[in-house]
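A.B. asks: Each residue of the sequence shown is one higher than the one before, counting from 853 in the numbering used here.
Ideal Cβ placement from N, Cα and C applies to all residues, glycine included.
Before I ask anything, here is the structure I am working with.
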Amino acid sequence: MQFISPSPQVLKRIEWERVAIQKMNVQDLEEVVSLETSSSLTPWSKNMFVKEMQNHFSHCFVIKTGKPPHPSLIGFICFRNVTDESELLNICVHPQYRQLGIGKKLMEFYMELCSQKGIKTYYLEVNSSNGSAIHLYQCFSYQFFGMRKNFYQGKFDALLMMKKV
Ligand SMILES: CC(C)(COP(=O)(O)OP(=O)(O)OC[C@H]1O[C@@H](n2cnc3c(N)ncnc32)[C@H](O)[C@@H]1OP(=O)(O)O)[C@@H](O)C(=O)NCCC(=O)NCCS
């Protein structure tokens, strides 16, 4: 996957005191799906998000900024926890809010929540061409442990990463 960083001119300023992470709900789905569709080569459909929100093992959260009652949705994270293992399923930040620390904020939230639940091992899968995501995961001490050749669209490799605490 090719990543185009937003030019500094379009980057929004973050007012951290107005940033909030909340459980994803059905009212968020229109914005979530639109963000997902514009950010992934293999985007999840609305139905996939709904299924994940209904899955007992899964957790989906959105991150919003701005003044209530109409804050803007600027990202989301979905993961699945089974016993003491967690798999990061999806994470995305709005293109105009990238490289401002929102991805790290979502990952910190994820790690904190999982640590409270006694998670010991974290897994994820990432497109080998997705440098920004790989960098983000390495910031959180994930390490490579495998590869699925030509996994995405029959041409991009999937890298398997894990972290043990
Ligand atoms: C991957 C993604 C979530 C990162 O979100 P983000 O808010 O831009 O990340 P942050 O601002 O918190 O940056 C985290 C680190 O990655 C680096 N980084 C992020 N994007 C980068 C880029 N395009 N080029 C270079 N470094 C980048 C940051 O500099 C920072 O590292 P540092 O602390 O060492 O300086 C975001 O790019 C995204 O939504 N991509 C599309 C969806 C996607 O690919 N999801 C992952 C699926 S596996």
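1) Roughly how many angstroms separate the alpha carbons of Ile856 and Phe909, rounded to a whole number?
2) Cβ of Gly1020 within 7 Å of any heavy atom in ligand 1?
3) What residues are listed by DSSP as bridge partners for Leu1012?
4) Out of curiosity, what's the CA-to-CA distance linking His911 and Ile971?
5) Near Tyr949, which residues of its chain fall below 6 Å by C-beta distance, leaving aside the five closest residues on each side in sequence?
6) Are the CB atoms of Ile929 and Leu976 within a distance shorter than 8 Å?
7) Is it the case that the CB of Leu953 approaches a heavy atom of ligand 1 more closely than 7 Å?
8) According to DSSP, Gln874 sits in a beta bridge with which residue or residues?
9) Could you check what DSSP says for Glu883 in three-state terms: helix, strand or coil?
10) What separation, rounded to the nearest whole angstrom, lies between the Cα atoms of Cys944 and Gln951?
11) So is Asn907 buried or exposed if we call it buried at 16+ other beta carbons inside 10 Å?
12) Just to confirm the assignment, what range does the beta strand (DSSP E) spanning Phe961 have?
13) Quick one: grab the DSSP three-state call for Ile926.
14) Would you call the CB atoms of Val978 and Ile915 closer than 8 Å?
15) On a CA-only basis, which of Lys956, Asp880, Gln1005, Gly1006 is nearest Ser993? Give me that one, please.
16) Within the continuous beta strand (DSSP E) that includes Ser984, where are the two ends?
17) Tell me whether Phe901 sits in a helix, a strand or coil according to DSSP, three-state version.
18) When you measure from the CB of Cys930 to every non-hydrogen atom of ligand 1, does any distance come out below 7 Å?
C.D. replies: Taking the coordinates as given:
1) As a first step, residue 856 must be located in the sequence shown, where it is residue number 4. As a first step, residue 909 must be located in the sequence shown, where it is residue number 57. Note that Ile856 has pLDDT 42, beneath the 50 cutoff, so the model's placement of it is unreliable and the number below is only indicative. So the alpha carbons of these two residues sit roughly 33 Å apart.
2) For residue 1020 there is no data in the structure shown, the boundaries of the chain being 853 and 1017.
3) The residue labelled residue 1012 in the question sits at position 160 within the sequence shown. In the DSSP output, where bridge partners are listed per residue, Leu1012 has Glu977, Gly998.
4) Locating residue 911 in the sequence shown gives position 59, counting from the first residue. Locating residue 971 in the sequence shown gives position 119, counting from the first residue. The straight-line gap from Cα to Cα measures roughly 14 Å.
5) To locate residue 949, count along the sequence shown from 1; it is residue 97. Lys864, Ile926, listed in sequence order.
6) On the sequence shown, position 124 is the one that residue 976 refers to. On the sequence shown, position 77 is the one that residue 929 refers to. Their beta carbons are not under 8 Å apart, which means Leu976 does not touch Ile929 by this criterion.
7) To locate residue 953, count along the sequence shown from 1; it is residue 101. According to the sequence shown, residue 953 is Gly rather than Leu. Yes, since a heavy atom of ligand 1 falls inside the 7 Å radius drawn around the Cβ of Gly953.
8) Here the question's residue 874 lines up with position 22 in the sequence shown. In DSSP, Gln874 forms a bridge with Val914.
9) Along the sequence shown, one-based indexing puts residue 883 at 31. Helix at Glu883.
10) Translated into the one-based positions of the sequence shown, residue 944 becomes position 92. Translated into the one-based positions of the sequence shown, residue 951 becomes position 99. Each residue's alpha carbon lies about 12 Å from the other.
11) Here residue 907 refers to the residue found at position 55 of the sequence shown. Exposed: under 16 other Cβ atoms inside 10 Å.
12) Walking along the sequence shown from the start, residue 961 turns up at place 109. No beta strand (DSSP E) holds Phe961; the alpha helix (DSSP H) holding it covers 954–968.
13) If you number the sequence shown from 1, residue 926 lands on position 74. Strand at Ile926.
14) Working through the sequence shown from its first residue, we reach residue 978 at position 126. Working through the sequence shown from its first residue, we reach residue 915 at position 63. No, these two residues do not count as a Cβ contact at 8 Å.
15) The sequence position of residue 993 within the sequence shown is 141, counting from 1. Answer by Cα proximity: Lys956.
16) Reading the sequence shown from its first residue, position 132 is the one you call residue 984. That residue, Ser984, is in no beta strand (DSSP E); its alpha helix (DSSP H) goes 983–991.
17) Translated into the one-based positions of the sequence shown, residue 901 becomes position 49. Of the three classes helix, strand and coil, the one that applies to Phe901 here is helix, per DSSP.
18) Indexing the sequence shown from 1 puts residue 930 at position 78. Incorrect: Cys930 has no Cβ contact closer than 7 Å to ligand 1.
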